[in-house]
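J.:
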Amino acid sequence: MQKTTFTKEQISELRANPYTEYVSEKTIRFTPMFKNEFWYLYTRGISPSKIFRQLGYNPETLGQYRISNFAYKLSRKMEERTNLSTTERERDLQSQVDALRFELDSLKKIIIREDIGRRKR
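Right, here's the structure in full:
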């Protein structure tokens, strides 16, 4: 499948939408606000075409290829963010585990010293 080019009228229509960041004959870019709104609705089970329509775009103007590709790319981007967050959380938890192990080892040494001190008396 190939992307269709936009006519001058379609470009004007797309520019009028506040969610359009940039548009040319071959390209359209959406604002971060659009991406957030899209993701919110998409994760609640609404189809990409319906979301575009709800947010003021004519799905026929954009074409199914662009809509599907946008949904796919945004899904991958959000997945990467989630994976990064998970990695950061794992690092944080590992730091906590290391700190607790150090504390436990310190307490064990104190107990051993006290036990040795009692035996000498």
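So for the sequence shown, this note's numbering puts the first residue at 19; every next one is plus one. No residue lacks a Cβ here, since even glycine has one placed at the ideal position from N, Cα and C.
#1: To the nearest angstrom, how far is it from the Cα of residue 34 to the Cα of residue 83?
#2: Find out if the Cβ-Cβ distance for the pair residue 81, residue 22 is shorter than 8 Å.
#3: How many Å lie between residue 92 and residue 70 at the Cα?
#4: Could you check if residue 129 is buried or exposed, using at least 16 other CB atoms within 10 Å of its CB as the buried criterion?
#5: What's the C-alpha gap between residue 44 and residue 27?
#6: Would you mind stating whether residue 89 and residue 60 have Cβ atoms separated by less than 8 Å?
#7: Does residue 75 come out as helix, strand or coil in the three-state DSSP assignment?
#8: On the criterion of 16 or more Cβ atoms from any shown chain inside 10 Å, does residue 120 qualify as buried, or is it exposed?
T.: In short, the structure shows the following:
#1: Sequence index remark: in the sequence shown, residue 34 carries index 16 (1-based). Sequence index remark: in the sequence shown, residue 83 carries index 65 (1-based). If you take the alpha carbons of residue 34 and residue 83, they lie about 22 Å apart.
#2: Position 63 of the sequence shown holds residue 81. Position 4 of the sequence shown holds residue 22. If you check the CB distance, residue 81 and residue 22 come in under 8 Å.
#3: Your numbering for residue 92 matches position 74 in the sequence shown. Your numbering for residue 70 matches position 52 in the sequence shown. Linking residue 92 to residue 70 through their CA atoms gives a straight-line distance of about 14 Å.
#4: Position 111 of the sequence shown, counting from 1, holds the residue named residue 129. Per the 10 Å Cβ criterion, exposed.
#5: Along the sequence shown, one-based indexing puts residue 44 at 26. Along the sequence shown, one-based indexing puts residue 27 at 9. About 14 Å.
#6: The residue given as residue 89 occupies position 71 in the sequence shown. The residue given as residue 60 occupies position 42 in the sequence shown. Using a Cβ distance threshold of 8 Å, residue 89 and residue 60 count as a contacting pair.
#7: By one-based count along the sequence shown, residue 75 stands at place 57. In this structure, residue 75 counts as coil in the three-state DSSP scheme.
#8: Looking up residue 120 in the sequence shown gives position 102. By the 10 Å Cβ count, residue 120 comes out exposed.
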